[in-house]
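In what follows, a single structure is set out as structure tokens and then discussed.
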Amino acid sequence: MYDFVVVGVGPPGARFARRAAEDGYDVLALEKGRVGEPLACSGHVSTDIWEFTGPGAREALFQNEIYGARFHVGGPRSDAYPFYKQEVASNVIDRVGLDRHLADLAREAGADVREGYTVTEVTERWDRVEIVANGPDGVVEFEARMVAGCDGPRSRVRDELGLPQPDEFLHGVLAFSEEDDHQDFVDVHLTPPTFFAWRIPRGEAGVEYGLAAPPGVHVSKHFEDLIDGYEVDVSHRCSGAIPIGPPDRVTSRRAFLIGDAAAQTKPFTGGGILYGMTSADHAAREIDPDRPTTLAAYERAWREDLEREQQLGHLIRRAYSLPEPIQRIGLGALSGEIGVHMDRPTSLLSFDHLKTVLPGR
Numbered sequence: 001m002y003d004f005v006v007v008g009v010g011p012p013g014a015r016f017a018r019r020a021a022e023d024g025y026d027v028l029a030l031e032k033g034r035v036g037e038p039l040a041c042s043g044h045v046s047t048d049i050w051e052f053t054g055p056g057a058r059e060a061l062f063q064n065e066i067y068g069a070r071f072h073v074g075g076p077r078s079d080a081y082p083f084y085k086q087e088v089a090s091n092v093i094d095r096v097g098l099d100r101h102l103a104d105l106a107r108e109a110g111a112d113v114r115e116g117y118t119v120t121e122v123t124e125r126w127d128r129v130e131i132v133a134n135g136p137d138g139v140v141e142f143e144a145r146m147v148a149g150c151d152g153p154r155s156r157v158r159d160e161l162g163l164p165q166p167d168e169f170l171h172g173v174l175a176f177s178e179e180d181d182h183q184d185f186v187d188v189h190l191t192p193p194t195f196f197a198w199r200i201p202r203g204e205a206g207v208e209y210g211l212a213a214p215p216g217v218h219v220s221k222h223f224e225d226l227i228d229g230y231e232v233d234v235s236h237r238c239s240g241a242i243p244i245g246p247p248d249r250v251t252s253r254r255a256f257l258i259g260d261a262a263a264q265t266k267p268f269t270g271g272g273i274l275y276g277m278t279s280a281d282h283a284a285r286e287i288d289p290d291r292p293t294t295l296a297a298y299e300r301a302w303r304e305d306l307e308r309e310q311q312l313g314h315l316i317r318r319a320y321s322l323p324e325p326i327q328r329i330g331l332g333a334l335s336g337e338i339g340v341h342m343d344r345p346t347s348l349l350s351f352d353h354l355k356t357v358l359p360g361r
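Once you know that position 333 of the sequence shown is 333 in the UniProt record's numbering, the rest is easy, because the numbers rise by one and skip nothing.
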């Protein structure tokens, strides 16, 4: 009988497994394939990422420093509206390497991390959870006091236990070129309906191109237009669902969701690495596997932390659908130096941001 079985060893699952193991709990973490594969997430993150990593991580994972973003209302040849900071605003990192590094930290803390285990059944009992998985040697069964569903937007744990779905799923596409690019700005294109495309320089690792849009939008066509506009050849294409809008409940009697499974993402970019790991920390602090009532404390804690950020994020995303003339006027009026944190929309109202933008207005 494990204290926790963690399903999914991306950043949220690895973070929770590590924190729970450090607290002395018996933790089993299952990843359906190899940790970090297939890649389905951008490697552009805030510098806060290093607060969640171990010694030597930056030297191993760092690819480029970013100081700002150029926003475009149109394709690559359209006018650019720069937003920037005087200090480093974000980093580009080896995304696959990050997953493996975090999984190694979980192992070092004492968690039993296993690859090649696909969970097929999750059943809650009054005193335990039963998990069935297909492993390298066939079907295996596990028992735990609680199960953590950290298994992404199409969560098997969520579906098996009948937990509610996120508000919506967007379709995201990523691809990479081999061009060496050390620019310190990313490019953001507000061209697809209701969402956006991007170009992220990764230093010697090449350039990442991506696009995300709601169902019904011809994502492949928009993505080809983006690539053609930049006149590049790309490879290593990958795609996946991006959950937006957390459901009213991400816990049951002996189960809880973290990360993309709980739609703990930024509505205005779809990114969720920091939100997911922050929520994993809340789960590790609040949840006692012998006391199912502590799941309510987890629900309260992560929502109190992220609710305002997600609400403001929804408002920012709505601006992506404004008529182009209004977008141009707004971007032109607001562009310049900023004091905003990329993961915290509430920083738009912070003293640092207001101090930065008001003197020149």
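Every residue gets a Cβ at the ideal spot worked out from N, C-alpha and C, and that includes glycine.
Buried or exposed (CB count within 10 angstroms, at least 16 for buried), residue i
i           : result
G270        : buried
R361        : For R361, the predicted structure reports a pLDDT of 46, less than 50, and the residue's modelled location is therefore unreliable. A value from the coordinates is still provided. Exposed is the call here.
M342        : buried
H101        : buried
residue 363 : There is simply no residue 363 to check, as the chain begins at 1 and stops at 361 in what is shown.
Q86         : exposed
P201        : buried
Beta-bridge pairing of residue i - partner residues as DSSP gives them
i    : result
E72  : Note on identity: in this sequence residue 72 is His, with Glu being the wrong assignment. Answer by DSSP bridge pairing, in chain order: A80 and H189.
V88  : Note: V88 sits in no beta bridge, so no partner.
V140 : A133
L30  : V7 and R114
W198 : V188 and G210
P243 : F169
G336 : F83
R344 : H341
Three-state secondary structure assigned by DSSP to residue i
i    : result
A212 : strand
R361 : Because R361 sits at a pLDDT of 46, beneath the cut-off of 50, its placement in the model cannot be relied upon, and the following sentence gives the value as read from the coordinates. R361: coil per DSSP, three-state reduction.
Y117 : coil
H182 : coil
G172 : strand
Q311 : helix
P166 : coil
Q264 : coil
L287 : Sequence check: residue 287 is Ile here, not Leu. I287 falls in the coil class under three-state DSSP.
A205 : coil
E65  : strand
V45  : strand
E224 : helix
T356 : helix
E324 : helix
S155 : coil
D146 : With the sequence shown as reference, residue 146 is identified as Met, and Asp is not the correct amino acid for it. Reduced to three states, the DSSP call for M146 is strand.
V219 : helix
E124 : strand
Own chain, CB closer than 8 Å to residue i, minus 5 neighbours either side, in chain order
i    : result
A296 : T251
L348 : L312 and V340
T53  : L61, L98, H101, L102 and L105
R156 : V7, V119, T120, V122 and G149
Cβ-based neighbour list, residue i, same chain, cut-off 6 Å, excluding 5 preceding and 5 following
i    : result
I273 : P11 and V45
S177 : G206, V207, V232 and V234
F223 : V173 and L211
A175 : Y209, V234 and R237
Same chain, Cβ closer than 7 Å to residue i, five either side skipped, listed in chain order
i    : result
R58  : W50
T356 : E337, I338 and G339
G135 : G116 and Y117
A89  : I66, Y67, G68 and M342
L161 : V122, E124, S252 and A255
Nearest neighbour of residue i, chosen from the options [CA to CA]
i    : options                 : result
T47  : R254, F62 and G162      : F62
Y209 : C41, V6, G36 and G8     : C41
G203 : H189, A197 and D184     : D184
P215 : G229, F256 and F195     : F195
Q165 : R128, W126 and I242     : I242
G13  : L39, G43, G138 and D281 : D281
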